[in-house]
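The structure appears below as structure tokens.
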Amino acid sequence: MTSVVLSVVIFVCLFGAALLGMLLRTHLPDEHLTAESRDVIKLATAVVGTLSALVLGLLIASAKSDYDGAELDLRASAGHLVLLDRVMAQYGPETQEARTRLKQLVIARLDQRWGDFDIGARADNSRVDPGIEPVQEILRSLTPKTDAQHWLQTRALDVSGKLAEAHWLLVETGEEGLPWPFLIVMAFWLAVLFATFGLFAPGNSTVVLVLLVCSLSVAGAVFLIVDLANPYLGLIYISDAPLRDALEELGRS
Numbered sequence: 039m040t041s042v043v044l045s046v047v048i049f050v051c052l053f054g055a056a057l058l059g060m061l062l063r064t065h066l067p068d069e070h071l072t073a074e075s076r077d078v079i080k081l082a083t084a085v086v087g088t089l090s091a092l093v094l095g096l097l098i099a100s101a102k103s104d105y106d107g108a109e110l111d112l113r114a115s116a117g118h119l120v121l122l123d124r125v126m127a128q129y130g131p132e133t134q135e136a137r138t139r140l141k142q143l144v145i146a147r148l149d150q151r152w153g154d155f156d157i158g159a160r161a162d163n164s165r166v167d168p169g170i171e172p173v174q175e176i177l178r179s180l181t182p183k184t185d186a187q188h189w190l191q192t193r194a195l196d197v198s199g200k201l202a203e204a205h206w207l208l209v210e211t212g213e214e215g216l217p218w219p220f221l222i223v224m225a226f227w228l229a230v231l232f233a234t235f236g237l238f239a240p241g242n243s244t245v246v247l248v249l250l251v252c253s254l255s256v257a258g259a260v261f262l263i264v265d266l267a268n269p270y271l272g273l274i275y276i277s278d279a280p281l282r283d284a285l286e287e288l289g290r291s
């Protein structure tokens with residue numbers, strides 16, 4: 039379920055709970071809405087409200103931290119791509135095929151993560167992510183003739199290993215999201231709060247409008263949490279500028 043759909047579902051649940059509370063108020067006997075009953079209900083819902091506020095705040099902070107971390111990882115990977123290309127260029131013309139494979143890898147990942155990427159003339163299979171492994175195979179097959187080439191080969195394998203590790207970490211965590219049981223519990227807490235708001239609110243248009251705006255605000259917070267927690271999906275996603283800049287640098291020297 040996308041962040042937009044989930045936020046719409048949350049909005050419908052919250053606003054519907056508020057309207058249900060207003061409807062329930064007209065059918066409850068008067069003894070259920072005495073001052074003592076109101077005080078107990080307010081105290082009980084205050085606990086739920088505090089828990090909900092804390093959880094929402096922590097989730098927003100955690101999601102923003104995940105987003106910033108993914109952006110930093112992308113910039114680091116872009117830097118490693120340029121560094122790997124430079125190291126292979128220093129090794130000699132034997133690495134030309136590996137450098138071409140590396141460029142195809144960047145083009146393929148731009149296509150997969152950010153949609154069609156027009157780079158002009160390119161290999162027909164550049165849209166398929168070949169992974170860094172073919173580049174590593176070429177590097178391992180090299181036969182260094184000097185100590186400098188041996189050091190460059192070792193350095194290139196080390197940098198390519200970091201790229202492979204970053205890629206598989208992204209693959210393993212790319213589809214992660216908030217656990218459904220957690221989302222259901224949080225939605226239940228919020229629905230209880232809004233039902234209580236409606237239970238004690240007079241049935242006029244101003245109150246309905248305020249409850250509508252509050253429901254939209256909470257749904258917006260859920261949207262931010264889910265979208266930021268998936269930095270390569272949804273409406274709020276990481277810019278492809280680092281990879282584009284890296285692609286321009288590949289093959290220059």
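Residue 131 in the working numbering is what sits at position 93 of the sequence shown, and the numbering runs on without skipping anything.
Beta carbons: idealized from backbone N, C-alpha and C, even for Gly.
Below 7 angstroms CB to CB, which residues in the same chain sit around L57 once its five sequence neighbours on both sides are set aside? G236
Complete alpha helix (DSSP H) runs within the segment 180-248 (minimum length 4 residues, chain order): 185-211, 218-238
Return yes when the Cβ of L122 is within less than 8 angstroms of the Cβ of V197, no when it is not. yes
Measuring straight from C-alpha to C-alpha, what distance separates G289 and K141? 8 angstroms
In angstroms with no decimal places, state the Cα-to-Cα distance between I170 and H118. 12 angstroms
Cβ separation of S17 and F261, assumed to be a contact under 8 angstroms, to the nearest whole Å: Nothing about residue 17 can be reported from this structure: the residues present for the chain run from 39 to 291 only.
Here's a check: name, in chain order, each residue in its chain whose Cβ is nearer than 6 angstroms to the Cβ of E287, leaving out the five neighbours to either side. V120
Helix, strand or coil, according to DSSP, for T138 in the structure here? helix
How about M126 and A114: do their beta carbons lie closer than 8 angstroms? no
Should G241 go down as buried or exposed, given a rule of 16 or more other Cβ atoms within 10 Å for buried? exposed
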